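Q: Going down the list, the protein sequences come from chains A and B.
Residues 1112 to 1223 (this note's numbering) are what the first sequence spells out, left to right.
Residues 39 to 145 (this note's numbering) are what the second sequence spells out, left to right.
Please read through the structure below; I'll follow up with questions.
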Amino acid sequence: KAGVTQTPRYLIKTRGQQVTLSCSPISGHRSVSWYQQTPGQGLQFLFEYFSETQRNKGNFPGRFSGRQFSNSRSEMNVSTLELGDSALYLCASSDSIAYEQYFGPGTRLTVT
Amino acid sequence: GIQVEQSPPDLILQEGANSTLRCNFSDSVNNLQWFHQNPWGQLINLFYIPSGTKQNGRLSATTVATERYSLLYISSSQTTDSGVYFCAVASAGKSTFGDGTTLTVKP
């Protein structure tokens, strides 16, 4: 089976812009979770989608949003980018509620 | 929310040495995973271990759910074992990561 894929791998944006990141889960996996990793805050849970519905959400401002499509692919969007949004964004897929997560390679976002 | 503490934060070993990494968590969890993050940021699955003991080559892990801790053992360490090791627990549909243990194995 192909692993979790994320696009793009690297991205440079300017403050105030918006960005959309994409994640394709492992075939058959219906749950996709997103995480932000920064040196100061570590790995933090953003949200989880299951069957096109946001099932869980972390403590991030409303500028961070996501969605999931019928084929389980997921996108996350960050609007009005701030310098502090510079981070590695990781997505993980899993196949059940008490899940074993498999991570993609991440998208490294730099906001200037 | 649930708290996850990993220790030690940093560990430096000579090649061939053994090590034990610890993960404590503050509440009951549905599952627990150990990951190794490589220098490029990829999280590699090591163990899915909500309870019990598992072994995979030179690595093994034990989770004692009733006492809310998990241990990752690395035997005969190699330079390629260097990197950051994370444990992550899931509860109520949310995953929480510890801050990681940075392992450096010197030749």
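Beta carbons: idealized from backbone N, C-alpha and C, even for Gly.
Keep in mind it's a predicted model, so treat the numbers as computed, not measured.
Apart from the five residues just before and just after A:Ser1154, which ones in its own chain have a Cβ nearer than 8 Å to its Cβ?
A: The sequence given here has Leu at residue 1154 of chain A, not Ser. Around A:Leu1154: Tyr1146, Gln1147, Gln1148, Leu1201.
Q: Along the region 57-80 of chain B, what residues have a CB closer than 8 Å to any CB found in chain A?
A: Listed in sequence order: Asn68, Asn69, Gln71, Phe73, Trp78, Gly79, Gln80.
Q: Among A:Val1189, A:Asn1170, A:Val1115, which one has its Cα closest to the Cα of B:Gly39?
A: Taking only the C-alpha atoms, the option nearest B:Gly39 is A:Asn1170.
Q: Which class does B:Asp137 belong to by DSSP, given the choice of helix, strand or coil?
A: Coil.
Q: Specify, as a first and last residue, the run of the beta strand (DSSP E) that A:Arg1166 falls within.
A: It spans 1164-1168 - the beta strand (DSSP E) in which A:Arg1166 sits, taken as one unbroken run.
Q: Which whole-angstrom value describes the C-beta separation of A:Gly1114 and A:Asp1206, a residue pair presumed to lie in contact below a C-beta threshold of 8 Å?
A: Going by Cβ atoms, the distance from A:Gly1114 to A:Asp1206 rounds to 14 Å, so no, they are not a contact pair.
Q: Short check: CB of B:Val42 to CB of B:Cys125, under 8 Å?
A: Their beta carbons are under 8 Å apart, which means B:Val42 touches B:Cys125 by this criterion.
Q: Under the rule that 16 or more other beta-carbon atoms within 10 Å means buried, what is A:Asp1196, buried or exposed?
A: That one is buried.
Q: Rounded to a whole number of angstroms, what is the C-alpha to C-alpha distance between B:Trp72 and B:Glu53?
A: Distance between the alpha carbons of B:Trp72 and B:Glu53: 21 Å.
Q: Can you check whether the C-beta of A:Glu1211 is within less than 8 Å of a C-beta belonging to chain B?
A: Closer than 8 Å: yes.
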